[in-house]
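Asker:
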Amino acid sequence: MQRSFQFFGEEKPSEEQIWGPFEDMMRDFEERTPSEMKEFTKEEDTPHGKVRKYGPFVYGFSYSKKPGEEPEIQEFGNVRPSGRGKIRPAPEGEREPLTEVIDLNGKYEITVEIPGVEKDEVDISATENRFRVETTGERKYRKEIELEEPIDPDKVDANFRHGILTIEVEKREGDKDKGKKIDVR
């Protein structure tokens, strides 16, 4: 005679008792999910039936504070919090990459983390007061970087290695909104 497992005096729970609440929760999630979140849901056929995958959901923030200045909080990822524990997707499924702008004497050094893309998928454009970094391909990133002082778009050096884009650009006084496309090496 095989003895059944007892947990706190109860018989071994059935698979329905174990998995039922999770399935109910996922059904509830699907019903409450706004249409723009549907892009995070993928369904696949397997030998054992259909499998539904969710995600990836990426959200994070960076906090920095320089002496004598206000703290700076930067969000990144492909979703944004929207109150009461709910999330909303970033526009067009793009992720906002983590960036850092260092103001050096006479130049800026900008670092942009864009893992999972190839160099030829990186598109950078610049005006005298901002950069735009976008990627094409499977992983999409987009970031507009506003600069406090004008730069010289003709004196930009951009390097990409191991998912890290590093841009060095000299500051300049002069006409605003002159634009130029930047080649990535």
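Going by our numbering, the sequence shown opens with residue 528, and the numbers climb by one from there.
For glycine and all other residues, C-beta sits at the position ideal for the given N, C-alpha and C.
Note that this is a predicted model, so its numbers are computed, not measured.
Using 8 Å as the Cβ pair cut-off and three pairs as the minimum, do the region 588 to 601 and the region 643 to 659 touch?
Answerer: no
Asker: Mapping the DSSP letters down to three states, classify Pro574 as helix, strand or coil.
Answerer: coil
Asker: Taking the DSSP output, what are the residues bridged to Ser589?
Answerer: In DSSP, Ser589 forms a bridge with Gln601.
Asker: Going by DSSP, which residues form a beta bridge with Glu661?
Answerer: Asp650, Arg669
Asker: Excluding the 5 residues preceding and the 5 following Glu697 in the sequence, name in chain order all residues of the same chain whose CB lies nearer than 7 Å to its CB.
Answerer: Gly633, Lys634, Ile678, Asp679, Lys682
Asker: Rounding to the nearest angstrom, what Cα-Cα distance links Gln544 and His575 in this structure?
Answerer: Using only the alpha carbons, I get a separation of about 20 Å.
Asker: Per DSSP, which one or two residues make a beta bridge with Leu625?
Answerer: In the DSSP output, where bridge partners are listed per residue, Leu625 has none listed.
Asker: Is Lys646 buried or exposed, if buried means 16 or more other CB atoms sit within 10 Å of its CB?
Answerer: exposed
Asker: DSSP on Pro677, reduced to helix/strand/coil?
Answerer: Here DSSP, grouped into helix, strand and coil, assigns Pro677 to coil.
Asker: Buried or exposed for Ile600, going by 16 or more other Cβ atoms inside 10 Å?
Answerer: exposed
Asker: Among the residues of its own chain, which have a CB less than 6 Å from the CB of Phe584, if the five just before and after it don't count?
Answerer: Val606
Asker: Three-state secondary structure (DSSP) at Ser541?
Answerer: Ser541: coil per DSSP, three-state reduction.
Asker: Let me check one thing: in DSSP terms, what residues is Ile641 bridge-paired to?
Answerer: Answer is none; Ile641 lacks a bridge partner.
Asker: Which residues in the same chain as Lys580 place their Cβ atom closer than 8 Å to its Cβ, once the five residues preceding and following it in sequence are excluded?
Answerer: Thr568, Lys569, Glu570, Glu571
Asker: Could you say which of Phe549, Ser541, Glu621 lies nearest to Gly604 if we only look at CA atoms?
Answerer: Glu621
Asker: Provide the residue span of the beta strand (DSSP E) that contains Val696, from first to last.
Answerer: 691 to 698
Asker: Across which residues does DSSP place Asp710 in a beta bridge pair?
Answerer: Answer by DSSP bridge pairing: none, since Asp710 is not bridged.
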